[in-house]
Amino acid sequence: MTSASQRVMHSAIESTFDEQYLQPGSLPVPALFARAATLPVTEEQLREAIPGMEVRTLDCAHFVQMERPQEFNQLLRAFLANLQSMVRSSRGIEG
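Residue numbers (my numbering): 1057 to 1151.
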């Protein structure tokens, strides 16, 4: 990450939030969005863009998985455990 210039990184991050990419849509699978507190898009905007998506905010600047690895991993593990539970339940599997 440190090899890219600030201008290039800023452009890449800024284009992520271009209106053409933020059109409402749907994902036919469970989704988790772990966002940085400084993200210029709100949790509500993200949920409106992708209905049903689970959104969690971590107190960090940008790279949640690098800045808050323990919290991120905890969120991811909980999300995957819930997903596993949903799959087992849908198949009638206990435990």
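Where a beta carbon is used, it is the ideal one built from N, C-alpha and C, also for glycine.
Quick one: Cα of residue i to Cα of residue j, how far?
i            : j            : result
residue 1143 : residue 1086 : 11 angstroms
residue 1090 : residue 1125 : 11 angstroms
residue 1094 : residue 1122 : 15 angstroms
residue 1104 : residue 1071 : 19 angstroms
What is the DSSP secondary structure of residue i, counted as helix, strand or coil?
i            : result
residue 1095 : coil
residue 1068 : helix
residue 1100 : helix
residue 1147 : coil
residue 1083 : coil
residue 1105 : helix
State the start and end residues of the unbroken alpha helix (DSSP H) segment that holds residue i.
i            : result
residue 1120 : 1120-1123
I'd like to know if the region 1119-1133 and the region 1100-1109 are in contact, where contact means that at least 3 CB-CB pairs between them fall below 8 angstroms.
no
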